[in-house]
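Visitor: Residue numbers (my numbering), protein chains in the order written: chain A, 1 to 423; chain B, 424 to 942.
The C-beta atom is built at its ideal place from N, Cα and C for all residues, glycine as well.
What follows is a single structure, and I will ask about it in a moment.
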């Protein structure tokens, strides 16, 4: 007895559970690695897997074994010149003659390195942002499709069977196949009746006609009422949802009081908005505007990593934002999102200016304005002024944050709105 | 019976010229069947006795999966399998490593995996190697016959997986994982080296388990009775050790005697122990098993070639992979990693055949029993009745020692220099053979650690004894493993290293930390 079995179609993810167990066990390390990766990555580069490395000593499974030392007399192949009694120095690095643990030079990997997928990476990223599950799936899912009817096909699942079409086809087929026969049958029947009424003896003729009538009837009866070739199924195709383009303007205070930790937090805030936008739009541009007493448009590297000192005039950045929008991103073609991060410091008399600017100049142009204040301290005048904006504009969101979990509420309104579109 | 079906052609009879089997690089199911028929015919003529074969075509991804679960088609879940999966996957993706061409499972029917990516020639090689070579070894070798039950292993693994996931549901993944970690650390110490196990069917296993659980618990309770009888003088009692004999099977000892394990925990210890036992013969017969499979794929395919069935391009491709597999780099090479079991095993069986077919005077002197005998019977005998250690001690010939240019090096940490003690000359043959055989003796390769004593009336601490061999110390993992032992025993654990003279030369202490284990 022998058999040859094709197992290729069986599931290939047998190890998925074990893999997940491994990630679960080394959760802390994987998470650390993801945090580090977020620091190093560009905002736009957030959606790919990541290489994780864990020190090998943390993942070994210990067993009893011999260490180096004691007496080992081992046999090796390939003697070239030795004769009994020859002595030589112990080889460096490896055990030399210790249980075949020959020297390990060359590829000494100290870390256990493996890769996690994009989905897993995002999961770790989302972890302490405390996103609602619905939002997580929304952000992790790939492009959205909707299924559209596209005529009829000859194969499909029974659930998609189109009854009317199928029966219509069956009628046509039956007519096509039986039409000529029915005509002939009618003719023969008429002929038979005529001959019966005739007084002359038509015995032979009648027999022939009866036989043909019988044959025709059975052929007509043999035509199936419904044949597999009649079946029609509704065809549906998946069409990507129409999307368009958006621009995201990141505004950040880089004055002396914004330290690395605060910028880190701000980066997460920007990433989250970026992720959200990638779900909704095909093409996204990101503009980075930083400011202290003056504002400037910079690239991402400079945005997050260079430090400035000095005072803070927020309105300078807002003015630049408005300029950039008006010059390059006409509202008819672009969906505009502004994300602003600051530690709340502002030059006192500048805050009312900011409010006015946002309320009158920027809000009419943009889809959403999100402001985070990364601070432990008490509210300052900029916060108070912005609070007035919030009272008027629904799509203006603001939040004081001290830990990553505080970021999500800023976007709550945004996601709420998007679900309505998505559903 | 098999031989009656067909006159003994193949090996000896003059082959009729026949049409060559096609050898495209892409295989098809029909072709695999045809090759398989021919290979089976030749194997039959060579009197190879095998389990029925089940060849399964799988993809590379499935091969990685199979790797990760130590080749078994089903297994329970554990992070360590995930770790293997990740590292295999990574090196495969990076191209650092090709996958093995084959995995074969000691089961009845014998399951051999053929990877989709293999060429036709490779598939034929794998069939001859795994489905006839390894398969007949599994069926014939005394260790496998004694310790493994090919017909029930898959059932047992199914049972194990179901039981362990039930435990995970009832007691939480962490608890189970914790326990499995500890058991895995002792897996090599969970085998009976001499006692013979019973064979049980799945159904029996189930009913026996329930009885066992209740019974075991009652036994344990007896041992740890909280109201000790004070009738005898304590000093007298102390003289009696528990266990009365040292125990080599640590997992078995914990399963039966660990004071605080719950019945389900004992059952898991048992499962790990059973699986360790199943793999134990494989660890003892690496050289023999691989050598046997290589010998047969080489012999069978050459026979087919001699019959005119194989195309030249087939045999060239086959020889190329064959030579790669049995290559032995010399000790001076940078990529030398010890003796290649495939090379040594293959060479030994080839050499045995040579001794039978065309013995020299030297062979007659060294192997009077087999020189000039029927080679098939001799090889069959050698395959059935030995393990690596005894196989080498019995059959390593002076000619092979010369061919491999073997030499022995003595590394004594009391000396600054290494000393060459024997080389491939008349004076060295016996020494080399003895040392090489000892190198494959699991008993000396792994430290000898046994349960020595339990302080039954005091703090319940456990004492293990490591009998020192050639002054070799234990490795750096020792403390970690002891922590696992404490996790199973739930009281303090001590490990004493005892010199051959019976003196305790080193002691490890591992206090049991309750908080650490209450995750």
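Would you mind sorting residue 506 of chain B into buried or exposed? The rule is 16 or more other CB atoms within 10 Å of its CB.
Guide: Buried, by the Cβ-count rule.
Visitor: If the criterion is Cβ atoms closer than 8 Å, does the pair residue 77 of chain A and residue 753 of chain B meet it?
Guide: Result yes, Cβ atoms of residue 77 of chain A and residue 753 of chain B sit closer than 8 Å.
Visitor: Counting Cβ pairs closer than 8 Å, one from the stretch 451-464 of chain B and one from the stretch 541-555 of chain B, do we hit at least three?
Guide: These segments touch.
Visitor: Residue 270 of chain A by DSSP, collapsed to three states: which one?
Guide: In the structure shown, residue 270 of chain A sits in a helix (DSSP, three-state: H, G or I).
Visitor: Beta-carbon of residue 873 of chain B versus every beta-carbon of chain A: anything under 8 Å?
Guide: No, residue 873 of chain B lies away from the interface with chain A (no Cβ there is under 8 Å from its Cβ).
Visitor: Decide if the stretch 334-348 of chain A is in contact with the stretch 264-271 of chain A; the criterion is three or more beta carbon pairs, one per stretch, under 8 Å apart.
Guide: Segments in contact, yes.
Visitor: Taking only beta-carbon atoms, is residue 762 of chain B less than 8 Å away from chain A?
Guide: Residue 762 of chain B counts as touching chain A.
Visitor: So is residue 14 of chain A in contact with chain B if we call contact Cβ pairs under 8 Å?
Guide: Answer yes: the Cβ-Cβ gap between residue 14 of chain A and chain B drops below 8 Å somewhere.
Visitor: Quick check on the burial criterion: 16 or more other C-beta atoms within 10 angstroms. Buried or exposed for residue 396 of chain A?
Guide: Buried is the call here.
Visitor: Using a Cβ-Cβ distance cut-off of 8 Å, determine whether residue 923 of chain B contacts chain A.
Guide: For residue 923 of chain B, the answer is no, since every Cβ of chain A falls outside 8 Å of its Cβ.
Visitor: Mind pulling the chain B residues with CB within less than 7 Å of residue 22 of chain A?
Guide: Within chain B, the residues near residue 22 of chain A are 502, 505, 506 and 509.
Visitor: Excluding the 5 residues preceding and the 5 following residue 920 of chain B in the sequence, name in chain order all residues of the same chain whose CB lies nearer than 6 Å to its CB.
Guide: The answer, listed in chain order, is 889, 891, 928 and 929.
Visitor: Taking any Cβ of chain A, which residues in the stretch 700-733 of chain B have a Cβ under 7 Å from it, in chain order?
Guide: For the stretch 700-733 of chain B, which is checked against every Cβ of chain A, not one residue is closer than 7 Å.
Visitor: Give the residues of chain B in contact with residue 82 of chain A, contact being defined as C-beta atoms less than 9 Å apart.
Guide: 830, 832, 843 and 846, listed in chain order.
Visitor: Please list the partners that residue 903 of chain B has in chain A, where partner means a Cβ-to-Cβ separation under 7 Å.
Guide: 62, listed in chain order.
Visitor: Per DSSP, which one or two residues make a beta bridge with residue 670 of chain B?
Guide: According to DSSP, which records beta bridges pairwise, residue 670 of chain B is partnered with B:874.
Visitor: CB-CB under 8 Å to residue 376 of chain A, same chain, minus the five flanking residues each way: which ones, in chain order?
Guide: The answer, listed in chain order, is 402.
Visitor: Expressed to the nearest angstrom, what Euclidean distance is found between the alpha-carbon atoms of residue 827 of chain B and residue 677 of chain B?
Guide: Cα to Cα, the separation comes out at about 45 Å.
Visitor: Could you name the residues of chain B that residue 214 of chain A contacts, counting a contact when the two beta carbons are closer than 9 Å?
Guide: Ordered by position in chain B, no residue passes the 9 Å Cβ test against residue 214 of chain A, which lies about 49 Å from the chain.
Visitor: Among all the DSSP beta bridges, which residues are the ones paired with residue 72 of chain A?
Guide: B:834, per the DSSP bridge assignment.
Visitor: Does DSSP put residue 146 of chain A in a helix, a strand or coil?
Guide: In the structure shown, residue 146 of chain A sits in a strand (DSSP, three-state: E or B).
Visitor: Looking at the secondary structure, which residues open and close the beta strand (DSSP E) in which residue 448 of chain B lies?
Guide: Note, residue 448 of chain B: premise wrong, no beta strand (DSSP E); not H, not E.
Visitor: Tell me which same chain residues have a C-beta within less than 6 Å of the C-beta of residue 400 of chain A, skipping the five on either side of it?
Guide: So the list reads 373, once near-sequence residues are dropped.
Visitor: Suppose the cutoff is 6 Å on Cβ atoms and the five residues either side in sequence are ignored; what does the same chain contact list for residue 285 of chain A look like?
Guide: Excluding sequence neighbours, residue 285 of chain A sits near 247.
Visitor: So is residue 704 of chain B buried or exposed if we call it buried at 16+ other beta carbons inside 10 Å?
Guide: Classification of residue 704 of chain B: buried, given that the 10 Å Cβ count is 16 or more.
Visitor: Would you list the residues sitting across from residue 932 of chain B in a DSSP beta bridge?
Guide: In the DSSP output, where bridge partners are listed per residue, residue 932 of chain B has B:917.
Visitor: With residue 886 of chain B as the anchor, note down where its beta strand (DSSP E) starts and where it stops.
Guide: Segment 885-890, the beta strand (DSSP E) holding residue 886 of chain B.
Visitor: Assuming residue 715 of chain B and residue 610 of chain B are in contact, meaning their beta carbons sit under 8 Å apart, how far apart are those beta carbons, in whole angstroms?
Guide: Not confirmed; about 25 Å, so no contact.
Visitor: At what residues does the beta strand (DSSP E) containing residue 353 of chain A begin and finish?
Guide: Taken as a continuous stretch (DSSP letters only), residue 353 of chain A belongs to no beta strand (DSSP E), being part of the alpha helix (DSSP H) at 351-356.
Visitor: With 9 Å as the C-beta to C-beta threshold (strictly closer), list the residues of the stretch 55-79 of chain A near chain B in chain order.
Guide: Correct list: 59, 60, 61, 62, 63, 64, 65, 66, 67, 68, 69, 70, 71, 72, 73, 74, 75, 76, 77, 78 and 79.
Visitor: Any C-beta of chain B sitting closer than 8 Å to the C-beta of residue 4 of chain A?
Guide: Yes, contact with chain B.
Visitor: Listed in chain order, which residues of the stretch 810-828 of chain B have Cβ atoms closer than 7 Å to some Cβ of chain A?
Guide: Residues passing the 7 Å Cβ filter: 827 and 828.
Visitor: Hey, could you find the ends of the alpha helix (DSSP H) residue 17 of chain A is sitting in?
Guide: Note, residue 17 of chain A: alpha helix (DSSP H), 16-25.
Visitor: Locate the beta strand (DSSP E) running through residue 368 of chain A, then write down its first and last residues.
Guide: From DSSP, the beta strand (DSSP E) with residue 368 of chain A extends over 368-374.
Visitor: What's the gap between the Cα of residue 915 of chain B and the Cα of residue 686 of chain B?
Guide: The alpha-carbon atoms of residue 915 of chain B and residue 686 of chain B are separated by roughly 21 Å.
Visitor: Check residue 449 of chain A in the structure and name its three-state DSSP category.
Guide: In the structure as shown, chain A starts at 1 and stops at 423, and residue 449 of chain A therefore has no counterpart that could be examined.
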